[in-house]
Structure formats: structure tokens, C-alpha cells
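First to last, the sequence lines map onto chains A and B. Under this note's numbering, residues 5 to 159 are what the first sequence spells out, in order. Under this note's numbering, residues 6 to 752 are what the second sequence spells out, in order. Where a beta carbon is used, it is the ideal one built from N, C-alpha and C, also for glycine. Below you'll find the structure, written out as C-alpha cells, and then a few comments.
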Amino acid sequence: MTETQNIIESAEIELLTFQVGGQEYAIDIMSVREIRGWSKATPLPHAPNFVRGVINLRGTVLTIVDLAERLGMGRTDTKERNVIIVVHTGVETVGLLVDAVSDILAVNKSELQPPPEMAADTEQAFVSALMIADERMVRILALSAALPSENVEAA
Amino acid sequence: MMDEDDPMAEIRASFFVECEELLEALQDGLQIMDDGEADDETINVVFRAVHSIKGGAGAFGLEELVRFAHQFESVLDGVRSGTIEADRNAISVFFQSGDILGDLVRAARDNDVADDSRIQGVMTSLTAMLGADAQTVVEEDVDDFQPMGLSLDLDLGGDNNSTPSLPDLPDLDTMSALPSTEVFEDGYTIHFLPDSSLYTSGNEPLHLLRLLREMGEVAVTCDTSALPSLSALDEEKSYLSWTIHLTTDEDEDAVRDVFDFVADLCTLTITGPGKPDPDMPPPDAPPPLSKDDIPATEAPAVTPASPPPAAQAPSDVHNSKPAASIAPMPAAPKKPAVSAPKSNKPRPTVRVDLERIDRLVNLVGELVINQAMISQSVAEAGLPANSAISEGLDEFMQLTRDIQDSVMMIRAQPVKSLFQRMSRIVREASSMVGKSVRLKTEGDATEVDKTVIERLADPLTHMIRNAVDHGIETPQDRVAAGKPEEGIVTLSAGHRSGRVIVEIADDGAGINRERVLQIAIEKSLVPENAQLSESEIDNLLFMPGFSTASKVSDLSGRGVGMDVVKSAILALGGRVTIQSNPGKGTVFTISLPLTLAVLDGMVIDVSQQTLVVPLNTITETLTLLEQDIRALGAQTNVIKVRDSFVPLLDLGFELGFRAPLGSYVGFIALLIAQEDGTHAALVVDSIQDQRQVVIKGLQDTFGRVPGVAAATILGDGKIALILDPVDVVANANGRTRSLQSNLQLAG
Numbered sequence: 005m006t007e008t009q010n011i012i013e014s015a016e017i018e019l020l021t022f023q024v025g026g027q028e029y030a031i032d033i034m035s036v037r038e039i040r041g042w043s044k045a046t047p048l049p050h051a052p053n054f055v056r057g058v059i060n061l062r063g064t065v066l067t068i069v070d071l072a073e074r075l076g077m078g079r080t081d082t083k084e085r086n087v088i089i090v091v092h093t094g095v096e097t098v099g100l101l102v103d104a105v106s107d108i109l110a111v112n113k114s115e116l117q118p119p120p121e122m123a124a125d126t127e128q129a130f131v132s133a134l135m136i137a138d139e140r141m142v143r144i145l146a147l148s149a150a151l152p153s154e155n156v157e158a159a
Numbered sequence: 006m007m008d009e010d011d012p013m014a015e016i017r018a019s020f021f022v023e024c025e026e027l028l029e030a031l032q033d034g035l036q037i038m039d040d041g042e043a044d045d046e047t048i049n050v051v052f053r054a055v056h057s058i059k060g061g062a063g064a065f066g067l068e069e070l071v072r073f074a075h076q077f078e079s080v081l082d083g084v085r086s087g088t089i090e091a092d093r094n095a096i097s098v099f100f101q102s103g104d105i106l107g108d109l110v111r112a113a114r115d116n117d118v119a120d121d122s123r124i125q126g127v128m129t130s131l132t133a134m135l136g137a138d139a140q141t142v143v144e145e146d147v148d149d150f151q152p153m154g155l156s157l158d159l160d161l162g163g164d165n166n167s168t169p170s171l172p173d174l175p176d177l178d179t180m181s182a183l184p185s186t187e188v189f190e191d192g193y194t195i196h197f198l199p200d201s202s203l204y205t206s207g208n209e210p211l212h213l214l215r216l217l218r219e220m221g222e223v224a225v226t227c228d229t230s231a232l233p234s235l236s237a238l239d240e241e242k243s244y245l246s247w248t249i250h251l252t253t254d255e256d257e258d259a260v261r262d263v264f265d266f267v268a269d270l271c272t273l274t275i276t277g278p279g280k281p282d283p284d285m286p287p288p289d290a291p292p293p294l295s296k297d298d299i300p301a302t303e304a305p306a307v308t309p310a311s312p313p314p315a316a317q318a319p320s321d322v323h324n325s326k327p328a329a330s331i332a333p334m335p336a337a338p339k340k341p342a343v344s345a346p347k348s349n350k351p352r353p354t355v356r357v358d359l360e361r362i363d364r365l366v367n368l369v370g371e372l373v374i375n376q377a378m379i380s381q382s383v384a385e386a387g388l389p390a391n392s393a394i395s396e397g398l399d400e401f402m403q404l405t406r407d408i409q410d411s412v413m414m415i416r417a418q419p420v421k422s423l424f425q426r427m428s429r430i431v432r433e434a435s436s437m438v439g440k441s442v443r444l445k446t447e448g449d450a451t452e453v454d455k456t457v458i459e460r461l462a463d464p465l466t467h468m469i470r471n472a473v474d475h476g477i478e479t480p481q482d483r484v485a486a487g488k489p490e491e492g493i494v495t496l497s498a499g500h501r502s503g504r505v506i507v508e509i510a511d512d513g514a515g516i517n518r519e520r521v522l523q524i525a526i527e528k529s530l531v532p533e534n535a536q537l538s539e540s541e542i543d544n545l546l547f548m549p550g551f552s553t554a555s556k557v558s559d560l561s562g563r564g565v566g567m568d569v570v571k572s573a574i575l576a577l578g579g580r581v582t583i584q585s586n587p588g589k590g591t592v593f594t595i596s597l598p599l600t601l602a603v604l605d606g607m608v609i610d611v612s613q614q615t616l617v618v619p620l621n622t623i624t625e626t627l628t629l630l631e632q633d634i635r636a637l638g639a640q641t642n643v644i645k646v647r648d649s650f651v652p653l654l655d656l657g658f659e660l661g662f663r664a665p666l667g668s669y670v671g672f673i674a675l676l677i678a679q680e681d682g683t684h685a686a687l688v689v690d691s692i693q694d695q696r697q698v699v700i701k702g703l704q705d706t707f708g709r710v711p712g713v714a715a716a717t718i719l720g721d722g723k724i725a726l727i728l729d730p731v732d733v734v735a736n737a738n739g740r741t742r743s744l745q746s747n748l749q750l751a752g
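Written out as C-alpha cells, the structure reads:
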């Protein structure tokens, strides 16, 4: 839960916002390593559905997670304009496949609201906070919950 | 303690590193003695190793280590002087002593406590060997050796002692017992007093002394009487002078040539054999301590925390770090071993942080990939093969491969240290079960990747224990079988067709197949009426939950079976096989990759995916013909390979890439050898290439991916998975005929 801690500890944080399955999400920019264009991933046999495979990130093998699939919004139909956000959580580096990157927002932590309890959406566990930016709702992604290892352990 | 102080901790650390080397030399020496090939020199080497450890331990106040080393040394001294006979029993005690010495060293290093009862036991044996003359030897030695704590506020003043009480660093006292200067009456006597300017101009007396040593036999005395007390010390002044007795065939000019560059920076007297040199001032001329206005970087012998330059002589002076007292330097070519316990490996070495090497290995891996990418681009550009760029690229490829090989060699280490540890395991295991077992090692010098060696230690230990415990019979049984009472376990290593082969062979009774089968049936590992071949029965040993020891000894019954051994070796990319010969013994053969970083693989395509299959797992490839494929059941096929039938597996289906195709005529099958010698055929679409690939670990994000060993990066920058075909076969579903149902697609 490092990203949550970061949010609480500093008064102002910068968030990278991006589009996933038509929704707007954000992550703490400190956990973002780089953003790169989509390149075809090598599929891993017997891996969970949301794992699109592995790509070559300058010599290291990077696992790609289809964030839309992970959040229960169906498989991303990959096109040229899709983007991979390379994030590091302190434990591992993972690439998140998203539709597009939107903006970088500097927000005060007081603007963040806890998400309401909603039972119907499984993806709810992946949202650590909500905020409003230009009348749009931005969901702060709970990165560690969205990463495959967490899921495999829980399953 | 001292290790809180940084420079001290460093010295301490290097002492322990040195100890490991000394312990290795000790083991070597003992092994030679054990093999009955010892000469006087061997016992000297052994003695010196123990003595050096004792010396260093004394300096660091490691009393327990000193006490034990001292006792051990006393006995060895007895052997050296001929009062104690080094028979088999004695050598066995020596081996145990060596083990304990190693324990103590490691315990001291890790601030741990060594097993006291064992130490006492061996101590008693050693004392018993000393027998009557124990007292005299002990006392005599105490005089010659005074453990001395190393403290940083050392007073070099020497009002009460003309020899400064220098820290008793490891090896420092090694030489002090050696013959002194009197021997060299007929040579040259050189008095050498450097001016301060000699140091400030970057010269170093040590190099001169070394040059002299190369000319012949030398004995060097350092005169430290000019050293003032520490408070009066001017660190830029020169206080030391040397008297060198040199026995050489060279003439005086040659000797003088040594000092050619420093002739005006020092006071030099050379007295030839017979006549005194008239040109030179008398030997006892007062030291001209002048020119101290020139800033000096360092003057010797005056920095309290560090020994004088002479004493700092690095180990390439054959370890004879001369103390500030008398330090004879015997001519290296004449008596190398006396001056150098490690003279059998005089090649200079560098200690490098493993992390740096690993970084280099990674970078070279990148280079290889990059080179493959360039090659591919050039090939795609359709340039003629004789164009300059293609030729340059060929050379580049060659160089890349050479660099890669060289870098891999940095990581390679001889298996010797591992084998030495095993000889200890054999000693302990055999005494525990009351058997007499001897370990023979072959191919100690075989070099294997460091990681492989480290990770091989546990499985090997287990297999050696097994060989002693289960393999070798009891002495009575052996005698009854007409074998010598002493069992032999042979541990050998060698390179064979690009892999490292480690064999553990015992000359015991071999595997009792009847009993193995019976146990396996009792434990429901195999069905009661199973008809198994001999090799299948042998391989039952590797099944989880199998243990044959009819009585639970200290060695077995630890809940760790051969299955753990096998999986540890598999994890290293290795294979292990058993060969048993009833009445003659059992041989376990471990085959390992040379390195964990590259692999020879076959690049194949299946369902538009490119995969790499390790070449060593493929026994043959064949194109499937219609008459080869036979239906076995409703959903499975076998193929006929010569006179046997082999299950046919669709790799694309097994990996979840596609549904079974039904017809495989015209496809290519890779014949994969299983551990137990059986085969399976994996169907692939096409074979692209055969090449060396750099192994990249997969992230542990999903735990282990079944059937996949690792990944690599191909020439086009794409990632290809490296298959573990044996695992694929083991987990195979086997369906090759059914229609589209229950299909699970991944990716």
C-alpha cells in the first residue's frame, strides 16, 4: 500500500491520469517509471486472462497487465495508440496496458475522498480514493491490489 | 569489538578470506599426506597454514582459535621433526582438526559459537599424540608466539624495546623462525639508507628489495633504531635503513644497477665478497635525515595504524611480509615453498565484488542480443554477403562471442572447494554410521559457474551422505562380499559435450531393487502389480516420500529425500540419472549446464508463437508421415519411431495456444528424452534456427509458469519463452485428436 501512504504523507501529490475502458483512472506519478507505446506481447501459457504476456523492456522481461480486463471491463482491443505505463511498486515492475494517458494533475490530498462501499463491482477493491477534476470523477488506482501476484495469492 | 572500527573490520575481513585460502591449502596438504605422497614440503605447507591462521587469530584476540591452532600446530611440528609419526590414524585426526579449525574460523567470523564437545574430543586426540614431549613443545612455542591485540593507539616509541611492537598481523610471524643472515658470508653486504627524498620522488624500497631477491638469495635486516617515539615522529622523514646480504652470481655492477635510479636519493654501501668498497662511506654512517622540506606523500613505518611499507608487502612477495625485525627473503627460485605457502599458485589474482561481475554478465547479454538484432536488420536489408558491413558484422559476432565466453569464465570456479567440503561430509557421515569410507575426487580443477557450485552444495551433500549411509555396506558385509573393508566414494567432475558432468559413485552393494519396489508398493507410490523395468525401479528413489533406510540413522530420516535433490538439480537446468550395478555399486550422474546465463536452443514456431527449446533436451527431430501416426485412444495418438511407440503431444495445445489439430501429417516432431529414458514427441509447426540464447528470468509475478523455464530476447527484440520440454511432457494432457471442446486459450 505504498501509494496510499504516499498520498497520506505528503500534502500535495502529482497524479498521472489515464483512460481505461472509458473510465478515468490515476496513479501517483512517483510509481511511474516510463510510458511507452504498445508493442505486441509474447503470451504466457497458462497465465491469468488479464496477463497479456511479456515484452522486452531494454533487456528485461516485463509483464504486461491488461488493466481493463483486470478491472473487469473486458479485454482491451489493442491498437497502435494504446499505451503501456511502466510502474514500479517497490517490489516489482509491471507494465499496465491502458487506452491512453490523459494528464498530470497536482492535487492536495484533502481533495481525495474515500470510495463509497459498493458491493456489486469487484473492481472496487482496486480504487483507493476518488477525486474530482474539471467535473470529471477520477479514480485513484490501488496499484498493489491490481497487480497479478496479489490476485494469485487471493485466488 | 574491533569490527566497529572500519579499517579494522576490513583487515579482519581480509584475514578471514586469507584463512579460507589457508584452510584450502591445509586440506590439500592433508590429502596429499593421506594419499601417501607427502614429502617434507607437504608437512611444511600444512604446518605453515595452521601457523598463519594462529598468527592472525592472535592479532584479533580470537583465543579459542589460537588455542586450538596452537595445539594442532604443536602436533604438526612433532611430525615435522619426526617425533610423531603421521600414520593413517594421525592423518584422520588431522583432517578432523582441519575441519574444526575451519569451524572455529567461521564461528569467529560470524560471531558464532563452534561445537565445543567436538573440539574437546579432537583436542584430546591431539594432546594424546603429543604425549610425553607435549610440555616442551608447547612451552617452546609459546615463547616464539605471543598473541597480541591490535590496537590503534600503538606506541612505536620503543624506549624499552628496540623493535617496535608492531601489530602481529597474519603471516607476519611466519618468517621469523627462519634462518637468519649468517649463512651469506660470501655474498655482498648492502647497506641501504633511503633519504626522505627517495619516498617523495615516488620510489619504494620494497621494489628494490624485490629486485635484489630476484638476483639471488637475500637476507634483509631492517634497522629501526632511528625511529623516534611516536610523538616526535615526523611522518615525512625517513627513519628506516636496511642491511641486505645478497648471495648472487651477478657482479657488483649488476647489484649497483639495482640502485641506479635512487643512487642520489640514498646512502648506499655495497661490500663485495671479500673486499670493502672504498668509494662508499662506512656502513654505519649516520643517517642523513634531510630534505624534509619537500612535501611527502607517505613515509614508511610511521603511520601508527598501518605497518611500514615493508610489512605492507602485498602477497605477491610470496606472502613473506617482512616484519620490521629480521625478515630473510630467500631467493624465490631456489626455495620457493619455504617463502611461499601458496607458491603452487603464483598467478596474481584480483578479488572483485560479485555484483560487478554480474553487471558485466548482464551487459554482455545485452550486447549479444543487440548484435543479433543488427545481424537480423542487415540480413533483412538484403546486403551481399561480401559487403563491408557484412564482413564487419561477422567479426563483431566473433568478438561478441569471445567476450561472452571470457566473461562467463570470470564467473567460473573450480569445483575443488566444493569437493573439499564433501570430503568432510564423508568423514563425518562415515564415522556416524560406523563405516570406513574414503572419498576419492577426480577433476577438481573443472570449472563451473559460481552459482551452480553454490547451489550444488546441498544436493551433493545429500547424495554423498546417501552414498555413505545407503550405498556402502557395513564393514562386515563388505568383508563377507570379498571387498576391502574400506568403502570408496568417488566424486568426479568433468566437461562433456558442453555440459558439466558430476558423478557420485560408490563401490557398495548397488540398489536393492526388490526392496525398493517393495517399499514403493508399501507406500502406494506404485500399484501392487506394477511391472517396472530396472531403471524405472531405480528412479523410484527420486519419488517424493521415498526412503529406503531400513533403520533410521542420524543421516537419513530427515524428511529430505532424493526428490528434493532431483528438483534442486532440475532447477539448475541439470539432470540426474542413476546407474546401479548389483554388488558393484551405484553411480549418480548429474549433468549441468556450463553457465546459467546462456543456452543452446532450437528456435521453433508453433501457432505463430516463437519459442526456444533447449537443445540438450531434444534427442532427434522428425517430420511426421502419415504412416507414423497411430491412434491410441479416442483422443490420443502415438507415433512409431523405429521399433517403439512414442506419445504424440501437440505443443500448441499443451501451451494453450490452439485446439488439437487432429491431423499432424507434415508437421515436425521433437523427440524429447524424459528422465527415466522414455521419450515423448512434441509437435511444432516449424524449426527456425539453432542458436545460443541469453537466458532472462521471468518475473515471479505468477509463481512458476508450467512448462516454461525462462525467456530470452530474439534478434527482432521480441521475447521468446524458453520451454522446459520435460515439464511440458510431464504435465501434458496428451489430447491430439478431439474436436473443439473444453478449450482453454491463454494469451
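query: Can you give the beta carbon distance from proline 119 of chain A to valine 131 of chain A, rounded, assuming they're within the 8 angstroms contact cut?; result: 5 angstroms
query: Taking buried to mean at least 16 other C-beta atoms within 10 Å of its own C-beta, is phenylalanine 269 of chain B buried or exposed?; result: Looking at the sequence provided, one finds aspartate at residue 269 of chain B rather than phenylalanine. It counts as exposed.
query: Can you tell me the Cβ-Cβ gap for leucine 75 of chain A and valine 142 of chain A, rounded? I've got them flagged as a contact below 8 angstroms.; result: Leucine 75 of chain A to valine 142 of chain A, Cβ: 14 angstroms. No contact.
query: Is it buried or exposed for glutamate 360 of chain B, if we count other Cβ within 10 angstroms and need 16 for buried?; result: exposed
query: Does the Cβ of alanine 715 of chain B have 16 or more other Cβ atoms within 10 Å, making it buried, or fewer, making it exposed?; result: buried
query: Can you tell me whether phenylalanine 264 of chain B is helix, strand or coil according to DSSP?; result: coil
query: Starting from the beta carbon of histidine 50 of chain A, find every residue of chain B whose beta carbon is closer than 8 angstroms, and list them in chain order.; result: Leu660, Gly661, Val710, Pro711, Gly712 and Ala751
query: What are the residues of the segment 685-702 of chain B that lie near chain A, defined by any Cβ-Cβ distance shorter than 8 angstroms?; result: Lys701 and Gly702
query: Could you work out which residue in B/Gly722, B/Asp108 and B/Gly712 is closest to alanine 576 of chain B when comparing CA atoms only?; result: B/Gly712
query: So histidine 92 of chain A is in the beta strand (DSSP E); what residue range does that whole segment cover?; result: 87-92
query: DSSP state of isoleucine 574 of chain B, grouped into three classes?; result: helix
query: Could you give the residue range of the alpha helix (DSSP H) that holds isoleucine 58 of chain B?; result: 45-64
query: If I measure Cβ to Cβ from glycine 192 of chain B and keep anything under 8 angstroms in the same chain, skipping five residues before and after, which residues do I get?; result: Gly221, Glu222, His250, Leu251, Thr252, Thr253 and Pro278
query: Would you please verify whether the beta carbon of asparagine 60 of chain A is less than 7 angstroms from any beta carbon of chain B?; result: yes
query: Identify which residue in B/Ile16, B/Cys227, B/Leu198 and B/Glu219 has its Cα closest to the Cα of isoleucine 275 of chain B.; result: B/Leu198
query: Under a Cβ-count criterion, where at least 16 other Cβ atoms within 10 Å of its own Cβ denotes burial, should asparagine 586 of chain B be classed as buried or exposed?; result: exposed
query: If you follow the beta strand (DSSP E) that threonine 194 of chain B is in, where does it begin and where does it stop?; result: 193-199
query: For the segment 356-376 of chain B, which residues have a CB atom closer than 8 angstroms to at least one CB atom of chain A, in sequence order?; result: Asn367, Gly370, Glu371 and Ile374
query: On the DSSP bridge assignment, give the partners of serine 610 of chain B in chain order.; result: First, the residue type needs correcting, since residue 610 of chain B is aspartate and not serine in the sequence shown. According to DSSP, aspartate 610 of chain B bridges with B/Thr615 and B/Ser691.
query: State the CB to CB distance for the pair valine 494 of chain B and valine 453 of chain B, rounded to an integer number of angstroms; the pair is presumed to be in contact (CB under 8 angstroms).; result: So it is not a contact: roughly 20 angstroms between Cβ atoms.
query: Valine 614 of chain B versus chain A: which residues are under 8 angstroms apart at the beta carbon?; result: Looking at the sequence provided, one finds glutamine at residue 614 of chain B rather than valine. Chain A residues near glutamine 614 of chain B: Thr46 and Pro47.
query: Applying the 10 Å Cβ sphere with the 16-neighbour rule, what's the burial state of threonine 80 of chain A?; result: buried
query: Determine, using beta carbons only, whether glycine 722 of chain B comes closer than 7 angstroms to chain A.; result: yes
query: Roughly how many angstroms separate the alpha carbons of asparagine 165 of chain B and valine 457 of chain B, rounded to a whole number?; result: A caution first: asparagine 165 of chain B carries a pLDDT of 47, below 50, which makes its placement in the model unreliable, though a value can still be read off. Each residue's Cα considered, the two are about 56 angstroms apart.
query: What residues are listed by DSSP as bridge partners for asparagine 60 of chain A?; result: A/Val65
query: Measuring CB atoms only, is the segment 727-734 of chain B touching the segment 630-645 of chain B, in the sense that at least three cross pairs come out at less than 8 angstroms?; result: no
query: Helix, strand or coil for tyrosine 204 of chain B per DSSP?; result: helix
query: Is the closest heavy atom of the ligand ADP to the C-beta of alanine 146 of chain A under 6 angstroms?; result: Looking for the ligand ADP in the displayed structure turns up nothing, as the structure carries no ligands at all.
query: If you run the structure through DSSP and keep just helix, strand and coil, what is arginine 663 of chain B?; result: coil
query: Any beta-carbon of chain B closer than 7 angstroms to the one on glycine 63 of chain A?; result: yes
query: Hey, is the segment 31-42 of chain B in contact with the segment 51-60 of chain B, meaning 3+ C-beta pairs nearer than 8 angstroms?; result: yes
query: Check whether the Cβ atoms of isoleucine 68 of chain A and leucine 101 of chain A lie closer than 7 angstroms to each other.; result: yes
query: What's the call for lysine 445 of chain B, buried or exposed, on a 16-neighbour Cβ count within 10 Å?; result: exposed
query: Within 7 angstroms of any Cβ in chain A, is that where the Cβ of isoleucine 623 of chain B sits?; result: no
query: Are isoleucine 136 of chain A and isoleucine 89 of chain A closer than 7 angstroms when you measure CB to CB?; result: no
query: Short of 6 angstroms in beta carbon distance, which residues of its chain neighbour proline 210 of chain B, apart from the five on each side in sequence? Order them along the chain.; result: Pro199
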